[in-house]
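Residue numbers (UniProt numbering): 1 to 350.
See below:
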């Protein structure tokens with residue numbers, strides 16, 4: 001085994017242990033120690049810049065095999081890698097398809113970020129994502145929820161597997177079938193997120209995209225008694241992954257994603273600032289001030305307001321609300337300005 005590969009394996013193991021202890025200190029009782037992989041599982045081989053030779057149509061890896069066997073992959077000539085600043089190459093095995101792949105990470109030149117004074121805020125939810133721009137105009141994207149289609153199939157295969165003797169041929173067959181069904185669900189969700197994140201980044205005129213700093217683990221713990229929500233959060237827990245997709249796609253085109261603490265953005269009226277409980281079954285926010293709006297739109301406006309009050313100016317915040325309220329006929333409470341500006345800044349720029 002090439003020495004650098006062994007070093008990379010130890011670095012990964014060290015990172016996994018640090019992640020576990022970090023979660024454990026934060027009170028995550030579900031955090032688990034890194035598991036041991038048996039000999040039947042393939043251990044990913046990770047190479048940095050050394051130990052790899054790239055020629056047209058082929059990648060060769062340093063591999064100290066006793067029989068001097070070569071470790072190489074044929075690659076399509078359309079992937080021209082000779083001039084790329086490669087940071088890392090990883091060989092991994094797809095246990096479901098029983099095939100080997102390589103993952104290549106390399107640096108790309110990205111345009112510098114420029115603030116064009118245009119921003120778009122998003123409330124990211126389980127069923128839909130709602131965005132609002134500086135003109136007070138909304139855009140919505142409905143989650144196709146492939147988990148609803150595949151969940152019954154997963155449960156059916158799981159039930160048949162549970163009735164088999166563990167380790168038997170039928171158990172192994174159903175176990176593989178279960179992995180295949182789960183893989184289809186994961187692939188469909190990831191495909192939709194890739195396409196949507198690209199669409200948002202490319203179509204928005206804003207150079208800053210603001211999203212709520214959503215913690216799906218906390219949401220699941222705080223809503224244990226809400227039937228179906230925990231499963232939905234786990235199947236679409238992928239909201240954090242969607243934000244990561246937004247971040248790197250935005251960087252590629254010279255834009256920026258900022259995460260804002262979205263605490264109470266659902267409960268607070270975007271017009272007068274009053275708070276009220278908003279259980280999940282209440283889809284419309286109704287306030288004594290006359291504001292009646294979809295709960296997700298209300299949250300998106302509050303996220304934008306919080307961003308403007310913490311990161312920009314009161315004038316920009318006032319202009320945004322005036323453009324929005326011009327469409328509703330309501331008046332914006334001026335005391336909201338001071339309330340937003342007094343909130344403790346807790347944004348994270350990425």
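Just so you know, even glycine gets a beta-carbon here, dropped at the ideal spot from N, CA and C.
Pairing residue 128 with residue 288 gives a Cβ-Cβ distance that is not under 9 angstroms. In this structure, the straight-line span from the alpha carbon of residue 2 to that of residue 108 is close to 27 angstroms. Inter-residue distance for residue 273 and residue 21 is about 39 angstroms (C-alpha atoms, whole angstroms).
Rounded to whole angstroms, the Cβ separation of residue 303 and residue 324 is 13 angstroms, and the two are not in contact under 8 angstroms. Looking at the DSSP output, residue 88 bridges to 105. A residue is called buried when at least 16 other Cβ atoms come within 10 angstroms of its Cβ; residue 284 does not meet this threshold and is exposed. A straight-line Cα-Cα distance of about 29 angstroms links residue 194 and residue 156. In the DSSP annotation of this structure, the continuous segment of the beta strand (DSSP E) that includes residue 138 starts and ends at 138 to 142. Looking at the DSSP output, residue 52 bridges to 61. Separation of the CB atoms of residue 293 and residue 250 is rounded to 28 angstroms, and the pair is thereby denied contact status at 8 angstroms. In the DSSP assignment, residue 129 falls within the unbroken beta strand (DSSP E) covering 128 to 133. Proximity of the stretch 74 to 81 to the stretch 158 to 165 falls short of the contact definition, fewer than three beta-carbon pairs being nearer than 8 angstroms. Secondary structure of residue 243 (DSSP, three-state): helix.
Per DSSP, the unbroken beta strand (DSSP E) holding residue 256 starts and ends at 256 to 260.
Pairing residue 191 with residue 261 gives a Cβ-Cβ distance that is not under 9 angstroms. By alpha-carbon distance to residue 180, the top candidate from 198, 151 and 201 is 151. Spanning the alpha carbons of residue 291 and residue 269 requires a straight line of approximately 8 angstroms.
By the Cβ rule, the stretch 56 to 74 does not count as touching the stretch 31 to 40, because fewer than three pairs are nearer than 8 angstroms. DSSP places residue 30 outside both helix and strand once states are collapsed to three, so it counts as coil. Per DSSP, reduced to three states, the secondary structure at residue 306 is helical.
Between residue 114 and residue 311, the alpha-carbon positions lie close to 15 angstroms from each other. Contact check for residue 5 against residue 47 passes: the beta carbons are separated by less than 9 angstroms.
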